[in-house]
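See below for the structure under consideration.
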Amino acid sequence: MSNLFTTRPAVEADYEFLFELKKAAEKGPIEQVFGWNEAIQKQIHQQEWDEGRPTILLVENQPIGSYLIQVRSKDLHFARFFILPEFQGNGIGSAILQQVITQSESLALPVTLSYLQGNRVGELYQRHGFIITSETKQFVYMQRNVASCE
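Set out below in structure tokens:
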């Protein structure tokens, strides 16, 4: 599956693409949970950009998605996982998750993540062994343990 896509670190020129990507991939769930406010979403985007630049997913050298892995003391946190709708359902998300799981196993750290209520990505996470650890009205929190930390 890894030949479906390549990756590279985000660069300054990706800033606008990443905002449009989030909008294309997650505007529906954001609208349902919070309502869509373009100005607020741009502020959040700037804050996220300042916190850490994601990895860009490319198909035929064209950016189609992103994700961010944060290695923390007690877990590997997987965030900002977006794939353009026209590239969803082609195994790219599963391939990325398998890479993250492999990394978590090599570090002996569980993977944690969260997603907006109503986002169908939860089904993908469950297929890869993630379990719900808690929920709020806005978010679902999940974790996937490794054998050495269960």
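Under our numbering, think of the first position of the sequence shown as -11, with each following residue one higher. Built from N, CA and C at the ideal position, the CB exists for glycine as well.
Ordered along the chain, which non-local residues of its own chain (more than five positions away) have a Cβ less than 6 Å from that of D63?
L97, P98 and T100
Backbone CA spacing between L56 and A13 [nearest angstrom]:
15 Å
Could you tell me the boundaries of the alpha helix (DSSP H) in which A12 lies?
Y3 to V21
Assigned secondary structure, S61 (DSSP; H/G/I helix, E/B strand, else coil)
coil
For Q114 and V88, what's the separation of their Cα atoms in angstroms?
14 Å
So for Q50, helix, strand or coil by DSSP?
strand
Using the three-state DSSP reduction, which class does R115 fall into: helix, strand or coil?
helix
Among V109, F66 and L104, which has the Cα closest to the Cα of G79?
V109
Hey, how far is the Cα of Y3 from the Cα of L(-8)?
23 Å
Residues that DSSP places opposite A67 in a beta bridge:
L56
State the beta-bridge partners of Q141 as determined by DSSP.
This structure cannot settle anything about residue 141, because the visible part of the chain is limited to -11 through 138.
Going by DSSP in three states, P73 sits in which element: helix, strand or coil?
helix
State yes or no: is the beta carbon of I52 nearer than 8 Å to at least one beta carbon in chain E?
This model lacks chain E altogether, as it is built from one protein chain only.
For T(-6), does the three-state DSSP call read helix, strand or coil?
strand
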